[in-house]
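Step one of this worksheet: look at the structure below.
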Amino acid sequence: MIKWSDEKTKAFQKALLTWYDTNKRDLPWRKDHEPYHIWVSEIMLQQTQVNTVIPYYERFMRLFPSVNALANAPESQLLKAWEGLGYYSRVRNMQRAAQQLVQDYAGRWPHSKAELQELVGIGPYTAGAIASIAFQQPEPAVDGNAFRVFSQLLEIDADITKPQTRALFEKVIRQIIPIDRPGDFNQAIMDLGASYMTPKNSDNAHSPVRAFNQAYLDDRLNEFPVRSKRQKPVDKHYFALVIRTPAGFLFQQRASNALLAKLWMFPLIDIDSLQEANPDLDESGLLQMAGKQFFEDTELQIELQYLDVPAVSHTFTHQKWHLTLVSADLKSKPDLSHFSGKVVSEDEFEQLALPTVQKKLWAAFQTRQIKLF
Numbered sequence: 001m002i003k004w005s006d007e008k009t010k011a012f013q014k015a016l017l018t019w020y021d022t023n024k025r026d027l028p029w030r031k032d033h034e035p036y037h038i039w040v041s042e043i044m045l046q047q048t049q050v051n052t053v054i055p056y057y058e059r060f061m062r063l064f065p066s067v068n069a070l071a072n073a074p075e076s077q078l079l080k081a082w083e084g085l086g087y088y089s090r091v092r093n094m095q096r097a098a099q100q101l102v103q104d105y106a107g108r109w110p111h112s113k114a115e116l117q118e119l120v121g122i123g124p125y126t127a128g129a130i131a132s133i134a135f136q137q138p139e140p141a142v143d144g145n146a147f148r149v150f151s152q153l154l155e156i157d158a159d160i161t162k163p164q165t166r167a168l169f170e171k172v173i174r175q176i177i178p179i180d181r182p183g184d185f186n187q188a189i190m191d192l193g194a195s196y197m198t199p200k201n202s203d204n205a206h207s208p209v210r211a212f213n214q215a216y217l218d219d220r221l222n223e224f225p226v227r228s229k230r231q232k233p234v235d236k237h238y239f240a241l242v243i244r245t246p247a248g249f250l251f252q253q254r255a256s257n258a259l260l261a262k263l264w265m266f267p268l269i270d271i272d273s274l275q276e277a278n279p280d281l282d283e284s285g286l287l288q289m290a291g292k293q294f295f296e297d298t299e300l301q302i303e304l305q306y307l308d309v310p311a312v313s314h315t316f317t318h319q320k321w322h323l324t325l326v327s328a329d330l331k332s333k334p335d336l337s338h339f340s341g342k343v344v345s346e347d348e349f350e351q352l353a354l355p356t357v358q359k360k361l362w363a364a365f366q367t368r369q370i371k372l373f
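Residue numbering for the sequence shown follows full-length UniProt numbering, starting at 1 and increasing by one per position.
Put into structure tokens, the structure is as follows:
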């Protein structure tokens, strides 16, 4: 077990917190110790940069100023407020957790990390952040910053992608976190990881804790943290169907169990499945099969054409989408009784929760020309 002496631990705490008291970031969710504010900010900050989060956070707080407001909000309004942040399961889980708080805790927040982790979507990091910052519980908040900072400080060579490594770091940090200022300590580690001890272009030579950074002293910074390579996202290929009607464009709501669940997009046809079933088809044949597939799914008869625009690509955590835009025109009002979507005019686009990939498709479509064979 990696361990500092009591004297070294106290010296580190003093150096870190003295620096933090003078240099801490001025962030809207740090104006108070309200657990709701801390929770919303921490969920938003997952996979998203601080500067991007700030306007989203401020707008979210205007729309949903309390746990009760979030618990009772229409899902469509939540998704629209989250539009552009991605990873939409985060905000769905937030609403479910808010409903748990209202139903099981009368709207009051539990104080312990264990109870906080009983709420939907709250893992060990977020629970540690809320418990320490809002309730001054001496709990670690181990995120990417903490992994990077403490792996360098103590030359911890455990692979941070392995689940058991978190438990190791939590044990180490529990020996160092001060009882009287656990929230400030965790936030100081966050700020340290965002300033001097960044993933790239770090400035450890001027870090307030450089004297405690064993990897810096041993000239081994590039060795920590230890991280095994991430698996490459799987390539997926789709036709994106731009279907125009006299009243607007056909939009389809994604299935509740699909990636981008319940968000609105142009209908997609899986090219990989078409090619697997029909390996000898050329581009024209694939397009005909896509139209046939769409008819089987919706009973809408369309004649698709390729659009002379660049393919759109979009990378998710585990998938990379490659989308080819194709178009069709419906001259009369379509019967949508077998279609999980609706006709949307351009003026109504802003009312829908549209994922970033759909915005890319629309931008590409606006540069269109019909591709003739």
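Backbone N, C-alpha and C define an ideal beta-carbon position, used for all residues, glycine too.
All figures in this text were calculated on a predicted structure; none of them were measured in a lab.
Nearest to residue i (by Cα), restricted to the options the options
i           : options              : result
residue 163 : 257, 147, 56 and 154 : 147
residue 34  : 69, 105 and 109      : 109
residue 180 : 14, 356 and 366      : 14
residue 30  : 154, 286 and 57      : 57
residue 64  : 346, 54, 309 and 37  : 37
residue 19  : 232, 365 and 207     : 207
residue 46  : 22, 167, 105 and 142 : 142
residue 304 : 103, 157 and 284     : 284
Local conformation of residue i per DSSP, three classes
i           : result
residue 291 : helix
residue 322 : strand
residue 372 : At residue 372 the pLDDT is 44, less than 50, meaning the model places this residue with poor confidence; the figure from the coordinates comes in the next sentence. It is coil, neither helix nor strand.
residue 255 : coil
residue 69  : helix
residue 197 : coil
residue 248 : strand
residue 224 : coil
residue 240 : strand
residue 305 : strand
residue 314 : strand
residue 180 : coil
residue 218 : coil
residue 234 : strand
residue 203 : coil
Separation of residue j from residue i, as counted between CA atoms
i           : j           : result
residue 75  : residue 92  : 8 Å
residue 372 : residue 306 : For residue 372, the pLDDT reaches just 44, beneath the cut-off of 50, and the residue's location in the model is therefore unreliable, although a value from the coordinates is still provided. Cα to Cα, residue 372 sits roughly 8 Å from residue 306.
residue 331 : residue 293 : 20 Å
residue 245 : residue 336 : 12 Å
residue 115 : residue 344 : 44 Å
residue 202 : residue 215 : 13 Å
residue 43  : residue 73  : 18 Å
residue 313 : residue 135 : 44 Å
residue 82  : residue 96  : 15 Å
residue 290 : residue 311 : 17 Å
residue 370 : residue 327 : Confidence is the limiting factor: at residue 370 the pLDDT is only 48, short of 50, which leaves the residue's position unreliable, though a coordinate-based value still follows. If you take the alpha carbons of residue 370 and residue 327, they lie about 9 Å apart.
residue 119 : residue 100 : 7 Å
residue 204 : residue 161 : 24 Å
residue 105 : residue 277 : 53 Å
residue 324 : residue 237 : 8 Å
residue 144 : residue 192 : 12 Å
residue 54  : residue 222 : 31 Å
residue 112 : residue 170 : 15 Å
Whole-angstrom C-beta distance between residue j and residue i, which should lie under 8 Å
i           : j           : result
residue 88  : residue 261 : 7 Å
residue 186 : residue 133 : 7 Å
residue 269 : residue 241 : 7 Å
residue 98  : residue 127 : Residue 98 to residue 127, Cβ: 16 Å. No contact.
residue 351 : residue 266 : No, residue 351 and residue 266 are not in contact; Cβ-Cβ is about 16 Å, not under 8 Å.
residue 259 : residue 319 : 7 Å
residue 188 : residue 27  : Contact doesn't hold; Cβ gap of about 13 Å is too wide.
Start-to-end residues for the alpha helix (DSSP H) that takes in residue i
i           : result
residue 142 : First-last for residue 142: undefined, no H or E at that position.
residue 135 : 124-135
residue 111 : Here residue 111 belongs to no alpha helix (DSSP H), and DSSP marks it neither H nor E.
residue 332 : Note, residue 332: premise wrong, no alpha helix (DSSP H); not H, not E.
residue 165 : 163-174
residue 9   : 6-23
residue 37  : 35-45
residue 55  : 50-63
residue 359 : 356-365
First and last residue of the uninterrupted beta strand (DSSP E) at residue i
i           : result
residue 341 : 341-344
residue 270 : 268-270
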